[in-house]
Structure formats: structure tokens, C-alpha cells
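What follows is a set of notes on a single structure, which appears directly below.
Number of protein chains: 2
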Amino acid sequence: MFEQEIRIKGQKARKASRLLAGVSASLKDSALLLMADSLVRETEKIIEANGIDVQRGIDKGLSKALVDRLLLNPQRIQDMAQGLKEVAALPDPVGEVDSMWQRPNGIQIGKIRVPMGVIGIIYEARPNVTVDAAGLCLKSGNAVLLRGSSEAINSNKIISKIIADAAFKAGLPRDIIQLVESTDREAVNVMLKANGIIDVLIPRGGAGLIRAVVENATVPVIETGVGNCHVYVDELADLKMAEDIVINSKCHRPGVCNAMETLLIHSSLADSFLPVVLDRLKGLGVELRGDERVKKYVGWVKDATEEDWYTEYLDMILAVKLVDSMDEAIEHIYTYGTKHSESIVTKDYSRAMRFLKEIDSSAVYVNASTRFTDGHQFGFGAEIGISTQKLHARGPMGLKELTTYKYIIYGNGQIRS
Amino acid sequence: MFEQEIRIKGQKARKASRLLAGVSASLKDSALLLMADSLVRETEKIIEANGIDVQRGIDKGLSKALVDRLLLNPQRIQDMAQGLKEVAALPDPVGEVDSMWQRPNGIQIGKIRVPMGVIGIIYEARPNVTVDAAGLCLKSGNAVLLRGSSEAINSNKIISKIIADAAFKAGLPRDIIQLVESTDREAVNVMLKANGIIDVLIPRGGAGLIRAVVENATVPVIETGVGNCHVYVDELADLKMAEDIVINSKCHRPGVCNAMETLLIHSSLADSFLPVVLDRLKGLGVELRGDERVKKYVGWVKDATEEDWYTEYLDMILAVKLVDSMDEAIEHIYTYGTKHSESIVTKDYSRAMRFLKEIDSSAVYVNASTRFTDGHQFGFGAEIGISTQKLHARGPMGLKELTTYKYIIYGNGQIRS
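So the protein sequences, as listed, match chains A and V.
Heads up, the first sequence is in my numbering, so the first residue is 1 and it goes up one at a time.
Heads up, the second sequence is in my numbering, so the first residue is 418 and it goes up one at a time.
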């Protein structure tokens, strides 16, 4: 049954995507604005449907945090609508010719940005992803096949209906936004193998979901997610700056992927900077786990095990290690990191340059907080996720990363000899 | 055993790739030139090893075509060496900063091109792929894990040893070129799941190999290959030009992926252009398969079945269909095509523009042969394959497509508020 649902909705999305690819930016933008208005106008209906999901979540014993993720209120609906308006205001990446050149035989070759076609999004509890993902896919000219979690099914159904109706009313093809309503887990597996229907899959959620998608999909996947981020405080750091960057990278929002998880400090700072910054972190409620050398200088920290260096806590916990050189810091990051975001704090020019060159992460910082790895902070205006793979897109992905290109060739009778 | 081989060689390649990423273009280029010289100098040794493969191929009853693919002679070795020299002469894509911008808080963000890391190449009979792939990966700063077919194992062993030794002698890390010597088919499966060791896999070979890789890999894959290419001769075509383009697209080299497989002709040309061009194709030895309408005008063509519209013949066979409109041509291409290369022949401006816009293929032509879809013809100087997927790279892939990017961020103490 779900197989049929995905095949039918996928084909509808496919057909609609061909029309959508040729639609003007102004039509797409007016559709996004109408979608935003409709969401706000239908606030009551959305809250009613969401109430069913929330009650079922409570009855099922979902954690308070998960129930909160599920919950919609007028403010959150306003925020979703606001997000659509911001996407409408962004430039359209489709149709941009990145470059054009002429070959000796006279053919002219242009590289033009075009939509992917149909994007599949597989996500977890938050119903706002339904709106975010649909808006970004629409603006980049893609039809979308959405598969949220069963916990949010009633919210997702009403939200996707409201925005799809609004897009249609604005003049876009009927079927560009499709919600998979089957809550059977097998439905996800059908999406993973839907080559020829779905052009690219983007999983958004916890490590388990992402692993399952990467391991089982035959459709190309953009892996998002895990960030075991590091800050390295160099011997030659501005210590006041280092303190601020460490605190910000850890405490500003510890539950997200660009938060620092391990702090590396040059051993020459072991009896000056180390105790000061750890005290301050402790005062802010951070649990600290250090290796033996750290414990020698700051007795009260907990023991860090090998496991800690690998862990993305997503919590007010921090692993701390003393290193004797920048080489050791780079080796540690290479061995335990996830190639997401790393920062060095230093006043030394050549060390800064070396860190930028040798660290193989999606975002490498000098003297700034790791928390900036984010589509909005980078100036992309929007973000569909942060890629942790090297193929296609790396780091924050905005509208452009939801497109591909094709070559257009202008000839006047050229043949190959 | 092969599991261990791949893990050990993969880790060696991984380690070497970190050093290679920072190597200057001039050192990489001198290594490529030394590799070229060494191949020529060791011609005798290569031919001797290749002789064993060829004899075994003959004994096993390989087809004449396959034995020819396997065969190396002094000219072919010269050609491989020449290929390396051409790669050395190309610009290095690594280190190029595509763009750099400043955010309101003063951080400066740059997008810099970097190597992928370790590229896995899985390929079939031709031993020249060993040299081609290793050269392109080296120039783009990547270590490579090569897995050729068992038929060419002796040739591949000696060739990879010669070029790896030469690269080392030139001053590059020892382990950047690794050949998987295990001929067990299971070794390929280990590569497909080697996440964390291999960054991207590129299969090069027949449809069966590519399907097996796409369906079973958890490492990101770039799919290459199948080209069911079309030429559409519009009502308003220059008929002399159309004839040349049709002949060239079909006959210039029918065994490759950018050759035309189906010819679509506007029905208004049914009793003028159609019989003329089919006669000429027949005279050149092309077997023609037409639908019922074509047979009405040219009685001697064979029947085309539904199957024919889907088929990539890679041979002197062509399917022919009459269509009543450009819409019908576009629909046909959409339904049966593989999104590789399609060409329209027309004198009409708006039809040319519409074809360029609506055809969703990696290369879309106006008034030129489909045979130009090729890295060299596009001016990339080299080609690792032609991507038929939309993620990462589309169409001919040169050196740039073997790289990825990272963001480098220059701050002076910025934190997120």
C-alpha cells in the first residue's frame, strides 16, 4: 500500500517538477507569500490537528523535550510563515549561467543552474521542517516528497495541505508538494530505493536516522549532521578572546551540531588559562571531563575516557585535553573529529594559516566561535541542513546547494572529426 | 584477507592523502612527468606482464573485442604516457578560492577548493584506466585506491608499481597510489562499504558494474555511463546540416555513450528528409529500426519495438521515429532517455531556446553533434568519466569535479550573540 502511495505521489511530483522548473521567480515568490499568509490564517486548524499529535505523544510517554519539539502555538506558526517570507526575498538560483566559453570549433558551451527535480526529505519530530523544506525546495524549483515522523502526522497533513493549496492557488502546479502519509517504517525504505523518481534524499534528524538512510539508500544522499567540533587554544592566543570563544562555542546553544565538544589547550597554558576557563565553564553549569594531565592541574574534573574524544554530547558536557604542540592538536582532530567545524585561537600568523590549510573540515575558523557554521550566519539566507560529506555540498547548504547544472551548447552545424 | 588488504591499503592511502593535499602544483606536475617517462622506459616489462593477461584471456575464451581492450603495445603505452603529460600541463584546481565575502560582524568567509581525500575507482578490462585515473587523482590532490578487473591483474600490478615508484621518486608520499590486488569479487563489496576510508567511489565500466556499485555502496558514488542519446530534426531544420549531424552522431564512434541511439524526425519531413537520411545511414552500414509510420515511408526498415526506444545499442543500430511536434519529441526524450545528451537541429530561434530549457539532460545541443559530450571536447583537458546523476557533477567530469571545497573563516574574536 505504501509502495503504491510513494510511487503515485512520486510520479505526480516528478510530473509537476518539470513544469515547476520553468516557472518565473516572481511566480514562485508570490506563491511563497500566499503560503505564509495561509498558514497564519489557518492557525486554529493547525493547532487543533497538532493537539491530537501532542496528546498522543504524551499518552505514549514521549519525553518532555520531544513533546516540546512537536508542539505548535501561534508564535511558532508565525515563525514558520516568516521563514517562507524570508525565502521569497532571496535571489532565485535557477537559470544562473555560472560560465560560458567558446571552443576552437566555434561551439559555445554554457553551464546553467537547474533544479534537481524531486527532492526527498526524511525527517523527525518537528512539524516546522514540513514548511521549511517545502519552501526551500519550491524556491529552488524542486518538487518535494516529504516524509515526517508518525508522531507529527496530523500536524504534517494539515500543514502540507494548506501550503500545497496555497501554491496551487498562486498558479503553481498542483503536485509540487507531496506528503507521504503512510506511517509504516517500510515506506522510508521504499523512498530510499526510488531511483528514477527521487533525484536526491536529504535526511534530517538524529544520528540513527541518518545512518539508516546512508546505509540503505540507492538514491543519492546528502548526509547531514554529526558535529564533534573542536576549539584549539594555542600557546600564542589572546587569552581573553580565547575564553570568550570557548564559552560561546560550548554554551551558546549546546544542543546543536556546531557546538564545541572537545577543548584542546596548549600545555604551556596549563597553570594559567586552563584553570581559569574551566572554572568559568563549571560556573555556567558545564560538566568537564579531562585526561590525566588536565586532572593534574584541575583536580575536580571527571575522567575522560577514549570514548569521550569521539562523543558529540549535544549537552552541557565538555571534554578537555592538553596538547604539547599544534601537531598534536591537528592529529587529535583528525583522529576523533567528524570534519564539521574546528577553530584555532592564536595571534600567530603562520599557525593560523597552517590550521586553515591542514584541517580537513567543512568550516575551519581562526579566532571565531564554531557556532557560525550555519546558513543564516554565512549569509545564505536559509539552510536545508549542514552537509558532512564531501560530495556535492559541504557545510551549510542554502538554495544553491538544492540545484544542479546542465551544459547548454550552441552550435551552427559542428560535427566531430 | 581481501578485507584486510583494503583496510590496510585504504588507511595508507588516507594517511598519504593528507600529505598530498598540501603539495605544490609544480611537485605534482614533475611527478606526473616522471611517471610518464618511467612507463615508456619500462615498456618491455609492461608488455611482458600484459602478455600473461592476454594469453589467459584467450585461453579463457574472452571475445576478440575484450582481448583487444586488454592488449598493450608500445604505441598504447606511449599514449598512456602522453595522457599523463597532458594532465601535468593542466591548471591545478586545488587552492582556488571560488569566492570570499565579509559578514556584518566582520568575519570573512572564503570558499576554497580542496581534494576529496581518497577516491576509489572500480573498473573493467582496459589497463590504461590505471594510468588515467591515477594521474587525474594525483593532479587533483587525491590518493587513489584502484580496483581493476582480474583479467588485467598482471598488467595493473606492474603499471601501478611503476607509476607509484616514480611518484615517490619525484618526492610525493609513498602510498598515494594503491592497487587492490585481490581478485576476489568480495573485495569490491568491501570497498563499497568503506565509509571513513574512501570518500567517493567512481565506477567505470559496463551497465552491470555501475548498477552493482550504485545499489550496494554506502560510500557516496558518482554514477557514470549510460547514454541513450537523441537527435531531433525539426520541421524548420537546415536539412544538409541535419544530415551531417545525424551521420556524425551515429557513425563517428557508435560504441561510446555520447553516440545517438534514437533519431526523431518531424513528420513534415517524412517524404523528403527521412528517406534520404535513412538511405545514407544504410549505406554506411547502420541497421535501422522504425515505428509503423516510418515504415510507411521507408518500407525496408526493421520494426522497432517498445524495447528499442529504451535501448543504448552502442552499435551500428539506430531507432527512428516520426513525431508530429516538438512537444512529442520532448515527451519521447523524457520518457525513454537517460538524461545524457540530446540535440535539436532547427533554424527556429524560439524552438532552439525551448529545447535548451525543457530538456533535462547533462548536455543539451542546438545544431551540433551529440559526440561533443566529452571532457576534452568541452575544453577540460581531461576526463575521469561522464556523470549521469545530478548530485555533485553532471556530464563530463574533469579535474575540478574530483575536488570538493571547505569554508575558511577569518575572525578576530567574533562570538555569536
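Cβ atoms here follow ideal geometry from the backbone N, Cα and C, with glycine treated the same way.
query = By the criterion of Cβ-Cβ separation under 8 Å, what are the contact partners of V/Gly534 in chain A?
reply = Those are Asp360 and Lys390, listed as they occur along chain A.
key: Alpha carbon of V/Ile619 to alpha carbon of V/Ile664, nearest angstrom   = Here the alpha carbons of V/Ile664 and V/Ile619 stand approximately 32 Å from one another.
query = Helix or strand or just coil, what does DSSP make of V/Arg628?
reply = Helix at V/Arg628.
inquiry  = Can you look up A/Leu145 in the DSSP assignment and give me helix, strand or coil?
reply    = Here A/Leu145 sits in strand by DSSP.
request  = Inspect the beta-carbon positions of A/Tyr232 and A/Leu264 and report whether they are closer than 8 Å.
outcome  = Taking 8 Å as the Cβ cut-off, A/Tyr232 and A/Leu264 qualify as a contacting pair.
request  = In the DSSP assignment, find the beta strand (DSSP E) that holds A/Asn189 and state where it starts and stops.
outcome  = Note, A/Asn189: premise wrong, no beta strand (DSSP E); alpha helix (DSSP H) at Glu186 to Leu192.
request  = Examine chain V for any beta-carbon lying closer than 8 Å to the beta-carbon of A/Thr404, and answer yes or no.
outcome  = Yes, contact with chain V.
key: Distance between V/Ile580 and A/Gln178 (C-alpha atoms, nearest Å)   = Taking the CA atoms as reference points, A/Gln178 sits about 52 Å from V/Ile580.
query = V/Leu773 touches chain A at which residues, Cβ-Cβ below 7 Å?
reply = Ordered by position in chain A, the residues that pass the 7 Å Cβ test against V/Leu773 are Ile408.
ask   = Which residues, in order along the region 613 to 627 of chain V, keep a beta-carbon less than 7 Å from a beta-carbon of chain A?
value = Answer set for the region 613 to 627 of chain V: Asp616 and Val617.
key: Residue burial classification, A/Glu306 (beta-carbon count within 10 angstroms, cutoff 16)   = With fewer than 16 other Cβ atoms within 10 Å, it is exposed.
query = Given a limit of 8 Å on CB to CB distance, which residues of the region 429 to 447 of chain V reach chain A?
reply = So the list reads Arg435, Ala438 and Gly439, given in the order they occur along the chain.
request  = Please check if any C-beta of chain V sits within less than 8 Å of the C-beta of A/His376.
outcome  = So, not an interface residue.
message = Just to make sure I have the definition right: I need the residues of chain A whose C-beta is within less than 7 Å of the C-beta of V/Asn784. Which are they?
response = Within chain A, the residues near V/Asn784 are Gly411, Asn412 and Gly413.
request  = Helix, strand or coil for V/Lys764, going by three-state DSSP, please let me know.
outcome  = Correct three-state label for V/Lys764: coil.
request  = Could I get the ranges of all uninterrupted alpha helix (DSSP H) runs contained in the region 719 to 773 of chain V, with 4 residues as the minimum, in chain order?
outcome  = List check, alpha helix (DSSP H) in window: 723 to 727 and 743 to 753.
request  = Tell me whether A/His340 is buried or exposed, calling it buried when 16 or more other Cβ atoms sit within 10 Å of its Cβ.
outcome  = By the neighbour-count rule (16 or more Cβ atoms within 10 Å), A/His340 is buried.
ask   = When you check each C-beta in the region 106 to 140 of chain A against every C-beta of chain V, which residues fall closer than 8 Å?
value = The region 106 to 140 of chain A vs chain V, Cβ under 8 Å: Ile107, Ile109, Val114, Met116 and Gly117.
key: Residue range of the beta strand (DSSP E) that includes A/Leu236   = Note, A/Leu236: premise wrong, no beta strand (DSSP E); not H, not E.
query = Does V/Gly812 have its Cβ less than 8 Å from a Cβ in chain A?
reply = Yes, because at least one Cβ of chain A sits closer than 8 Å to the Cβ of V/Gly812.
message = My output table needs one value for A/Glu223: the three-state DSSP class, helix, strand or coil.
response = DSSP places A/Glu223 in coil when its eight states are reduced to three.
query = Around the Cβ of V/His683, are there at least 16 other Cβ atoms within 10 angstroms (buried) or fewer (exposed)?
reply = The residue in question, V/His683, is buried, as its Cβ has 16 or more Cβ neighbours within 10 Å.
query = Could you give the distance in angstroms between the alpha-carbon of A/Val129 and the alpha-carbon of V/Ala611?
reply = Across the structure, A/Val129 and V/Ala611 are spaced so that their CA atoms are roughly 31 Å apart.
query = Distance, Cα to Cα, V/Val631 vs V/Val638?
reply = Between the alpha carbons of V/Val631 and V/Val638 lies a gap of roughly 7 Å.
request  = Please classify A/Leu284: is it buried, with 16 or more other beta-carbons within 10 angstroms of its beta-carbon, or exposed?
outcome  = So A/Leu284 counts as exposed.
ask   = DSSP on A/Lys60, reduced to helix/strand/coil?
value = Under the three-state reduction of DSSP, A/Lys60 is assigned to coil, being neither helix nor strand.
ask   = How would you list, in chain order, the residues of chain V whose beta-carbon sits under 7 Å from the beta-carbon of A/Asn228?
value = Within chain V, no residue comes near A/Asn228; the closest Cβ sits about 13 Å away, beyond 7 Å.
query = Just to confirm, are V/Leu489 and V/Ile469 a CB contact at a threshold of 8 Å?
reply = The answer is no: Cβ separation not under 8 Å.
ask   = What residues from chain V crowd round A/Val364, counting only those whose CB sits closer than 8 Å?
value = Contacts between A/Val364 and chain V, judged by CB atoms closer than 8 Å, involve Lys823, Tyr824, Ile825 and Ile826 in chain order.
message = Using a 10 Å radius around the Cβ and a threshold of 16 neighbouring Cβ atoms, would you call A/Gly337 buried or exposed?
response = That one is buried.
8 Å contact criterion, which A/Lys302 and A/Glu287 should meet: CB distance rounded = A/Lys302 to A/Glu287, Cβ: 7 Å. Contact.
Euclidean distance between Cα positions of V/Leu691 and V/Gly672 = If you take the alpha carbons of V/Leu691 and V/Gly672, they lie about 24 Å apart.
query = Can you name, in chain order, every residue of its own chain whose Cβ lies under 8 Å from the Cβ of V/Trp726, other than the five neighbours on each side?
reply = Excluding sequence neighbours, V/Trp726 sits near Thr679, Ala736, Lys738, His749, Thr752 and Tyr753.
inquiry  = Which residue wins for smallest C-alpha separation from A/Pro127, given the options A/Ala352, A/Ile344 and A/Ile77?
reply    = Among A/Ala352, A/Ile344 and A/Ile77, the Cα nearest to that of A/Pro127 belongs to A/Ile77.
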